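Protein chains in written order, with our numbering: chain A, 23 to 360; chain B, 23 to 360; chain C, 8 to 334; chain D, 8 to 334. Okay, structure first, notes after.
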Amino acid sequence: MRTGPEANEMKEPYESDILAEFFRRMTLVREFELRAIEERRGGLIPGFIHSCVGQEATAVGACMALSQEDVITSTHRGHGHLIGKGGDPKYMMAELAARSPGYCNGRGGSLHIADFKLGILGANGIVGGGFPMATGAALGFQMRKEKRVALAFFGDGATNEGSFHEAANQAGVWKLPVIFFLENNLYGEGTAMHRCTPIEDLAIRAQGYGFPGVIVDGMDILAVYEAVREARERAIAGDGPTMIEAKTYRYRGHYEGDPQVYRTQEEIQSWQRKDAIVRFRAKLVDSGLFDDGDLEEIQGSVIAQLDEAVAFAASAEKPAVEDALAGVYADTHNGLVF
Amino acid sequence: MRTGPEANEMKEPYESDILAEFFRRMTLVREFELRAIEERRGGLIPGFIHSCVGQEATAVGACMALSQEDVITSTHRGHGHLIGKGGDPKYMMAELAARSPGYCNGRGGSLHIADFKLGILGANGIVGGGFPMATGAALGFQMRKEKRVALAFFGDGATNEGSFHEAANQAGVWKLPVIFFLENNLYGEGTAMHRCTPIEDLAIRAQGYGFPGVIVDGMDILAVYEAVREARERAIAGDGPTMIEAKTYRYRGHYEGDPQVYRTQEEIQSWQRKDAIVRFRAKLVDSGLFDDGDLEEIQGSVIAQLDEAVAFAASAEKPAVEDALAGVYADTHNGLVF
Amino acid sequence: MREITYSEAIREAMVEEMRANPSVFLMGEDVGVFNGVWGVSNGMLAEFGHERVRDTAISELNIIGSGLGAALVGMRPIVEIMFGDFLMCAGDQLVNQVAKARFMSGGKANVPLTIRVASGAPGSSAAQHSQSPESWFMNVPGLKIVTPATPADAKGLLKTAIRGEDPVLFFEHKMLYALTGPVPEDPDFMVPFGQAAIVREGKDVTIIGVGIMVQKALAAARQLSSKGIDAEVIDPRTLVPLDKDTLIKSVAKTGRVVIAHEAHRRSGPGAEISAILAEEAIECLDGPIIRIGAMNVPLPYSPELENHVLPNENDIIQAALKLCGKA
Amino acid sequence: MREITYSEAIREAMVEEMRANPSVFLMGEDVGVFNGVWGVSNGMLAEFGHERVRDTAISELNIIGSGLGAALVGMRPIVEIMFGDFLMCAGDQLVNQVAKARFMSGGKANVPLTIRVASGAPGSSAAQHSQSPESWFMNVPGLKIVTPATPADAKGLLKTAIRGEDPVLFFEHKMLYALTGPVPEDPDFMVPFGQAAIVREGKDVTIIGVGIMVQKALAAARQLSSKGIDAEVIDPRTLVPLDKDTLIKSVAKTGRVVIAHEAHRRSGPGAEISAILAEEAIECLDGPIIRIGAMNVPLPYSPELENHVLPNENDIIQAALKLCGKA
Ligand SMILES: Cc1ncc(C[n+]2csc(CCOP(=O)(O)OP(=O)(O)O)c2C)c(N)n1
Ligand SMILES: Cc1ncc(C[n+]2csc(CCOP(=O)(O)OP(=O)(O)O)c2C)c(N)n1
Ligand SMILES: [Mg+2]
Ligand SMILES: [Mg+2]
């Protein structure tokens, strides 16, 4: 397994700006999730939530290795990816609250948030649904000779859908600039990975498609960041796709309300002891670039941002039922398509 | 690559009966195809034909390593598989001629021939359509603790369908008694394998599913036979699936009428020089167990059998239009389902 | 009679059939350890073990396709598809393999495969977790399509499916799982396919409800009766085969018909039912055939929009009033 | 006007659009080196090279899904599905991704994706190579569904599809590829969606034909005229959107209607058309709405059975005669 250097040391010199941003975004992801769960209990959010608490390093590390012009396809557990790619919690929260100014005008909810300006092609309610979308976007970039890549987020469970195979094969043949980024959190819903997958390291599947498979510690944001940066360079250089398997863990249920009969408290705690934010925070302090006060300030700004986001969402307008048919088609041929 | 011993020597002692049967079935496959093509030109056969001329050793070698209780799923290029598994050319020819006594009562044609008594679960018009069927049959055998296996035939092109991936993964997890038998003839229709598959040896995909992938010379029937026999033993012993990739070649077009702009005459001839029947015939003569006369007698009996099959088919009744709705359902609920 | 939920009725049918016949087993995503996302298979792993209550990989194509394979060698698989929205992941297996296996083999393949599908909108679940796919495969000969609306029908129809020799798409509406009703305890209680239920007799207007809309049609009928309209409510129970005789007879009596389903209006199950009536009973009709269904827009996340898009009791009432000249 | 085949018309539309716009490209199985199984893309590889005429792996799901991905980043892909029967291999991508991408994103996703599908029975090709899937996705909002019946419509509708911003399922009947007809040379000739063509005016009975059945309806109309029946033949040209006004207007004139398609009768496109007429034009009807379609049985291999199962010109004639009281 490829990991970031141990003992809270950094292998390469990072600017303090980017380090702070890593910390800020991971904190924002964590706090966004906790806040959304709270607001769901409070009734502001009507739909279900698949939180990514525990997986902050994969989401943020991967996205921050991309440029704004790059695109991602996300999943049902996508809030971290969206924030990682620059998504605004205000419009995310408004979408979760099913309001008009939300990212999808209240039509999509958590499972379908997209922002084409930020290169977020969409969360997805279909496990494995985003793979071909990512290869297709990468194809577009390749055909237009643009230096852009597409990164597909997916889970261990999604790796068993046929869509993974078809997309990976075609991406391999055409050497598309695509990164298959697996967040292996050991479970697909209530089914432990070993009960539905005959191998331990899914990255070896990449060999079957003629491109490298890399394993990283998904609780180490620098390891994730570096692996994606390298994969992006490969892709841009015309050397084709990379599969990256990040070993990570979700701390909460598959969705809020999941009784979690399928795993033990001990297992959860053993992963929490490797918490990506806690470890990274310690690393920042040890580096001497930040002190606790700096980091608490960041944390505070994140909380303030979320307070604002919630206030924005709560006071935002709801979609008007007169517009119920809007947005199905670009061209309604004088209303005929309905 | 695992091949049978060179220099026309046999590694292990085979009974002359089985050697003769290898030869007879391969010859029957070859002659069946040529005869069917002729009868199609002559108008007896209305539908299209994907002949397997050149691939006799894979079809016959694989099937003869199975027991009658084992099952196979076949493909659009399935005549060899059917004959290998004991299919009767009479009923096959009658089916190709769309006659009532044909295997499918004239409903299926070449693409859909099945014989459940012989363990032939069906040819298939859908590339990759048979994979889950094979894993499902194997699941049934495993649950009932029967010592039976399912063998899925497929082509290099089919390996890129999502169905391959999903079936292989589940078979790997459950250690199902299934053999994934790939006839790699280098082309999927008019698309050369290297243009749609990023690796050369597809057998390495097996690693991604936690079971062995084996490569054999598909022009050597004994190599094929031995590899399948071994895979069958593994499966029966509870050790799970094996993928076998047999390198082979089809001599004729994808279907009859294919102008074959996608390959050269030289390439075809280079494979014909390795012809499985010619090589095996030489091996039999060299072994001293057979002389040319023996083998010509077998050849003659095959031709006679095919004459009979064609005569049978040509004189057989056509399905009656009154029965057009028969066979869609077991239970028509007093005709309601139509 | 004791009352149990729709969900319990389904579980009871599965459990009884599994006890009675070792060939019957259940497989699907999270049906075992997780007890089923909808809880329908709750406790079944404990009774039958991993051999017969099988958690699969997330691979709908292989789930349905290997159900076919197992059926072809003599098993009687029940497979669960967690959301009807995911059915199309296995679209090819359904359309080209499962539906056609028997016919293409000249009637020789036996396909006792039951595909249980949780369908319909459970509320704010948006476009990929709310669909009603009942009509998606009606154009494909070879499948039977079942839409139980009550606990008793759920149990009795499921038994008919499991004991039958043909593939069945069995649609369970998520919002019916908690519905309670009387269900016979007789383990041989079966509801035949192709026999509609007249769930309420009436003479003024026929309301044909599919799945959950049967319940809404009944509620509408109660309100209509207070307005002096006596509605007959019919539940076809199976869309393929369809008991058109019962529908036609009712329409012949009332002369008015409303067809209600949660699926989108365009090419939903109501299209076929309406077309049959327009072909075989038009002379009985005193007015248009009105279809009530979801608007032709993907299901929106917003509860307000979703509510607006989905058909309800009031839509049925308005249609009936209009047909009866009272709107 | 010069006459070309349906197949040439389609190629011409693709070639012209590809010349005019570098974002347009073609991908699919064997569209390049093999020149397309149906020969539609014959010669296109030579002109545009492998970059823009892309042979894919045998992976329908990825073909359609990556068409969506490419569209989302500004390309205008045309993808070819070799046989309509294989569409369901990509069922989930069609239903859950392609159709819904725009709506789920609040109208922001642009999906200029044209999916060309060779459909229909080419003769003795059996159950998995003969289907007419036109209605399979009509229940799914977000797709447009096009069924050209003439070379000119093939060209003009395809241009509308390629230049449009929404995903289009474009069904090309295999037995129409060789049909010849006049086709405008103007590169901006486009046929709008949602505008039915009255291909023959008449006053006694309306025959609505879908795809290849338009040709058979015309042949039927010629024969009917010799029996004193003046049939109007209408081709909706697009099933979604559907120009119901033109259909209703015709039915209002004739009072009689036959709907003909090659798809199976049950829940074929005719079900929806019939249901619309039964809902919005029933008062104009002098008799039942008759649907002509393939029998509800998978397409058989035997030519005799297949002939029997498929709808033909005579079926239309008999239906019209019956409606006109002459049968
Ligand atoms: C096609 C499809 N099948 C099943 C589901 C139900 N489902 C939603 S999330 C999930 C588990 C996914 O596991 P994984 O890919 O590992 O992602 P994780 O939830 O662990 O992030 C399942 C089965 C779905 N949404 N789509
Ligand atoms: C799902 C599907 N896609 C495409 C086709 C059309 N088709 C028939 S055979 C074939 C090539 C198959 O290649 P391969 O699997 O290598 O088998 P081979 O023909 O070489 O024996 C194709 C593309 C099909 N029948 N089914
Ligand atoms: Mg997971
Ligand atoms: Mg091949």
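Just so you know, even glycine gets a beta-carbon here, dropped at the ideal spot from N, CA and C. Quantities reported herein were computed from a predicted structural model and do not represent experimental measurements.
At least one CB atom of chain B sits nearer than 8 Å to the CB of residue 219 of chain A. Taking the Cα of residue 178 of chain C as reference, the smallest distance to any Cα among C:230, C:22, C:49, C:276 is reached at C:276. Closest option to residue 258 of chain A, judged by alpha-carbon separation, among A:278, A:281, A:224, A:170: A:170. By the Cβ-count criterion, residue 29 of chain D is exposed, with fewer than 16 other Cβ atoms from all chains shown falling within 10 Å of its own Cβ.
Using a cutoff of 7 Å, the CB of residue 98 of chain D does not count as near ligand 4, since none of the ligand's heavy atoms is closer than that. The Cβ atoms of residue 199 of chain A and residue 163 of chain A lie closer than 8 Å to each other. At least one heavy atom of ligand 4 falls within 7 Å of the beta-carbon of residue 177 of chain B. With its beta carbon at least 8 Å from every one in chain C, residue 262 of chain D lies outside the interface.
Under the three-state reduction of DSSP output, residue 144 of chain D falls in the coil class, being neither helix nor strand. Rounded to the nearest whole angstrom, the C-alpha separation of residue 299 of chain B and residue 248 of chain B is 17 Å. Here DSSP, grouped into helix, strand and coil, assigns residue 123 of chain C to strand. At least one heavy atom of ligand 1 lies closer than 7 Å to the C-beta of residue 180 of chain A.
The beta carbon of residue 266 of chain A sits no closer than 7 Å to any heavy atom of ligand 1. Under the three-state reduction of DSSP output, residue 353 of chain B falls in the coil class, being neither helix nor strand. The three-state reading of DSSP puts residue 308 of chain C in coil, since its state is none of H, G, I, E or B. Interface annotation, residue 351 of chain A: in contact with chain D, CB-CB separation under 8 Å.
Identification of chain C residues near residue 166 of chain D by a Cβ-Cβ cut-off of 7 Å yields none; the smallest Cβ-Cβ distance measures about 25 Å. Relative to ligand 1, residue 276 of chain A has its C-beta within less than 7 Å of a heavy atom.
Within the stretch 228-240 of chain B, contact with chain A at the beta-carbon level (separation under 8 Å) is assigned to 229, 230, 231, 232, 233. For residue 24 of chain D, the enclosing alpha helix (DSSP H) covers residues 13-27. Taking C-beta atoms under 8 Å as the contact rule, residue 298 of chain C and residue 281 of chain C qualify, at a distance of about 6 Å.
Ligand 4 never approaches residue 191 of chain A closely enough for any of its heavy atoms to be under 7 Å from the residue's Cβ. If you check the C-beta of residue 93 of chain D against ligand 2, you find a heavy atom less than 7 Å away. In this structure, the straight-line span from the alpha carbon of residue 339 of chain B to that of residue 66 of chain B is close to 13 Å.
Per DSSP, the continuous beta strand (DSSP E) segment holding residue 213 of chain C begins and ends at 212-216. For residue 183 of chain B, the C-beta contacts it makes with chain D under 9 Å involve 64, 65, 66, 67, 68, 96, in order along the chain. The secondary-structure analysis by DSSP pairs residue 220 of chain B with nothing; it has no beta-bridge partner. One alpha carbon belongs to residue 49 of chain C, the other to residue 14 of chain C, and they sit about 10 Å apart. For a Cβ distance threshold of 7 Å, nothing in chain C lies close to residue 178 of chain D: the least Cβ distance comes to about 14 Å.
Using a Cβ distance threshold of 8 Å, residue 238 of chain A and residue 228 of chain A do not count as a contacting pair.
Scanning chain A for C-beta atoms nearer than 7 Å to the C-beta of residue 100 of chain D yields 154, reported in chain order. Any Cβ of chain D closer than 8 Å to the Cβ of residue 346 of chain B would place that residue at the interface, and such an atom is present. Taking the Cβ atoms as the reference, residue 151 of chain B lies roughly 11 Å from residue 134 of chain B, outside the contact range of under 8 Å.
With a cut-off of 7 Å, the C-beta of residue 97 of chain B is classified as near ligand 2, since at least one heavy atom of the ligand falls inside that distance. Per the DSSP secondary-structure output, residue 188 of chain C pairs in a beta bridge with C:11. Per the Cβ contact rule, the stretch 154-170 of chain C is in contact with the stretch 197-204 of chain C (3 or more Cβ pairs under 8 Å).
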